[in-house]
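2 protein chains.
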Amino acid sequence: MTKILQRNLYREVADRIGDLIEHGELSPGERISEKQLCEKFGVSRTPLREALKVLATEGLIELLPNRGARVVRLTFKKVKDTYDLMAALEGLSGELACKHITDKEIAAIRTLHNSMLDHYHQHDLKAYFELNRQIHESILAASQNEVLQEMYNNLSQRVKRVRYSKKMTQAFWDQAVKDHENMINALEKRDSQLLGQILRDHLCNKLEVATLAGVIEDDAPDEEHSVVNA
Amino acid sequence: MTKILQRNLYREVADRIGDLIEHGELSPGERISEKQLCEKFGVSRTPLREALKVLATEGLIELLPNRGARVVRLTFKKVKDTYDLMAALEGLSGELACKHITDKEIAAIRTLHNSMLDHYHQHDLKAYFELNRQIHESILAASQNEVLQEMYNNLSQRVKRVRYSKKMTQAFWDQAVKDHENMINALEKRDSQLLGQILRDHLCNKLEVATLAGVIEDDAPDEEHSVVNA
DNA sequence: AAAAGTAATTATGAATTCAATATTAACAGG
DNA sequence: CCTGTTAATATTGAATTCATAATTACTTTT
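Here it is as structure tokens:
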């Protein structure tokens, strides 16, 4: 049975603001003006402020008491920490997937994998990454653990805006493809320990972190304004 | 530098409602009346509704469009999934802790450990569990990964209300203490792989899950009302 | 009496209004 | 010209009000 999709104004607004952040239309550290966004979206402050609270809980923005909100500044450490976590979660998803996945689902992933290999041989980076993403998503779904999926998606969202893999060297790419070959073999053997290990070590994450090392503006500014929800 | 503590009305209300849920004053599946809680806390609907949205994001309650909110019903599967995740996160925390922890911090944990052993030998279950909790918290803190800590704490909060370990058998207890002995040894050797493995396999989680199997009312009712934030 | 349909009531969703806090601007003194 | 103080402005925090959807109570009909 398909679940009912909740479409509240606040959720709509939260998603739209999330998009603005992802696409860089709201910059890291930028102060978020309630009035401005209200006019942009054509809603009153009530649903907008609800959205801000939700986004703060999801880790995309920070709330400064009596001083509004601002987009979370992604320091290198924060991104690194998030990727460490995502690697652990991917590892778990692999272990669980081995226990639950059906032959049919494995076949579907094998198809995605072959398609991904095609794009790899044609050096189509963009298409490659899309297939790559679909494979990881399929494994996550096969884990049958909804809490895990929710957490992973939340973390993924937090770092989405710094996810562009320009500096992909051929060596890295080759290794990533080898990893994937091993992954799908482990999956077909349903070797949960092995798949978990591969996914935890999979350099996709580490590559991105390495790539990002030079990208992120790590100026660590006005930290005296930092606030924690308590 | 100590961080500024945010104390907004909505956050206060959210915490108070969280306490009500934890202590069973709001039952699983129970409909949450806005008016009632407004009167109870002496606040208007605005901050209360903001709190509800945050609690929904944190996974403690569900929002039913145009039909208010209700406390999330903890099915056995949901608890099991959450514990699987927490075990993975504890494993990661152990690995990271080995890399960052100072000799002084290890000594502090050793002290906690010894104190825990005392309570074990005196069969003081309550005091034992408090020390146990402190040890795991110390390792988590030593991981130096704030995102990890945030996620772990959120998961912990979700299952807090079903955390009472009555049916602790002596055999389980003995094993748990052995695990802890191995844990602290691995920590002192800074063997991250080993500590990670121990924590992932640590039966504390599994014990609780096993204990809960008989406790949780898994009636799986009116699921047609189920809603997902989208 | 049971079921279905309609009116009344209640609760939620969202906009508006009021109050408190922070930011900016103006000004005086050094 | 710079610094510190105070007044004006703007923004956020919270309560209230209005609108809309859901629930309940009450008819009406079979």
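As given, the protein sequences belong to chains A and B, one line each in that order. Residues 1 to 230 in UniProt numbering are what the first sequence spells out, letter by letter. Residues 1 to 230 in UniProt numbering are what the second sequence spells out, letter by letter. Every residue gets a Cβ at the ideal spot worked out from N, C-alpha and C, and that includes glycine.
Check the Cα spacing between Gln-170 of chain A and each of A:Leu-125, A:Gln-134, A:Arg-163: the tightest is with A:Leu-125. Two segments are said to touch when three or more pairs of C-beta atoms, one from each, lie closer than 8 Å; by this definition the stretch 117-135 of chain A does not touch the stretch 82-91 of chain A.
When the beta-carbon positions are compared, Leu-60 of chain B and Arg-158 of chain B come within less than 9 Å of each other. Here Arg-7 of chain B is exposed. Its C-beta has fewer than 16 other C-beta atoms within 10 Å. DSSP places Glu-58 of chain B in the coil class of the three-state scheme, outside both helix and strand.
Contacts between Val-147 of chain A and chain B, judged by CB atoms closer than 9 Å, involve Gly-59, Lys-78, Asp-81, Thr-82, Asp-84, Leu-85, Leu-155, Arg-158 in chain order. In this model, Ala-141 of chain A and His-113 of chain A are separated by some 16 Å (Cα to Cα).
By the 16-neighbour rule on beta-carbons within 10 angstroms, Lys-78 of chain A is buried.
Taking CB atoms only, Arg-161 of chain A has no neighbour in chain B less than 9 Å away. Taken in chain order, the unbroken stretches of beta strand (DSSP E) that lie wholly in the stretch 67-137 of chain A and span 3 residues or more are 69-71.
Annotation for Arg-190 of chain A: no alpha helix (DSSP H) segment contains it, and DSSP assigns it neither H nor E.
Taken through DSSP and simplified to helix, strand or coil, Ile-216 of chain A comes out as coil. For Lys-53 of chain B, the residues of chain A that pass the 7 Å Cβ criterion are Tyr-10, Glu-50, Lys-53, Val-54, in the order they occur in the chain. Counted as a single uninterrupted DSSP element, the alpha helix (DSSP H) harbouring Glu-146 of chain A occupies residues 146-159.
DSSP places Glu-39 of chain A inside the alpha helix (DSSP H), whose first and last residues are 34-41. Under a 10 Å Cβ-count criterion, Pro-65 of chain B is classified as exposed, with fewer than 16 other Cβ atoms of the shown protein chains found around its own Cβ. Within its own chain, the residues whose Cβ lies closer than 6 Å to the Cβ of Ala-97 of chain A, once the five positions on either side in sequence are excluded, are Ile-139, Ala-142, Ser-143, listed in chain order.
By the C-beta criterion, the stretch 46-57 of chain A is judged to be in contact with the stretch 32-52 of chain B, since at least 3 inter-stretch pairs fall below 8 Å.
Membership of Val-13 of chain B in the alpha helix (DSSP H) is indicated by the continuous run 9-22. Ranked by Cα distance from His-121 of chain B, the first of B:Asp-174, B:Asn-185, B:Lys-189 is B:Asp-174. Closest in alpha carbon position to Gly-18 of chain A, among A:Ala-56, A:His-136, A:Gly-42, is A:Ala-56. Here DSSP, grouped into helix, strand and coil, assigns Arg-31 of chain A to strand.
Excluding its 5 nearest sequence neighbours in each direction, Arg-190 of chain B has C-beta neighbours in its own chain below 7 Å: Cys-98, listed in chain order. The criterion of a C-beta distance shorter than 9 Å is satisfied by Asp-201 of chain A and Ala-87 of chain A. Under the three-state reduction of DSSP, Leu-199 of chain B is assigned to helix. In the three-state scheme derived from DSSP, where H, G and I count as helix and E and B as strand, Leu-52 of chain B is classed as helix. Sorting B:Asp-103, B:Leu-20, B:Gly-29 by C-alpha distance to the C-alpha of Phe-41 of chain B places B:Leu-20 at the top. What Ala-88 of chain B touches in chain A, judged by beta-carbon distance under 8 Å, is Ala-88, Leu-89, Gly-91, Leu-92, going in chain order.
Nearest Cα to Ile-216 of chain A within the set A:Glu-39, A:Thr-75, A:Thr-102, A:Gly-29: A:Thr-75. Leu-26 of chain A carries a coil assignment under DSSP once its states are collapsed to helix, strand and coil.
Nearest to Ser-156 of chain A by C-alpha distance, out of A:Arg-70, A:Glu-62, A:Glu-137, A:Met-168, is A:Glu-137. Across the set A:Glu-208, A:Ser-192, A:Glu-62, the C-alpha of A:Glu-208 shows the shortest separation from the C-alpha of Lys-160 of chain A. Judged by beta-carbon spacing, Leu-92 of chain A lies within the 9 Å limit of Leu-148 of chain A, meaning their Cβ atoms are closer than that value. Between Gly-68 of chain B and Ile-32 of chain B, the C-beta gap is smaller than 9 Å, which places the two residues in contact. The C-beta of Leu-199 of chain B comes no closer than 9 Å to any C-beta of chain A. Asn-182 of chain B and Gln-36 of chain B have their C-alpha atoms roughly 50 Å apart.
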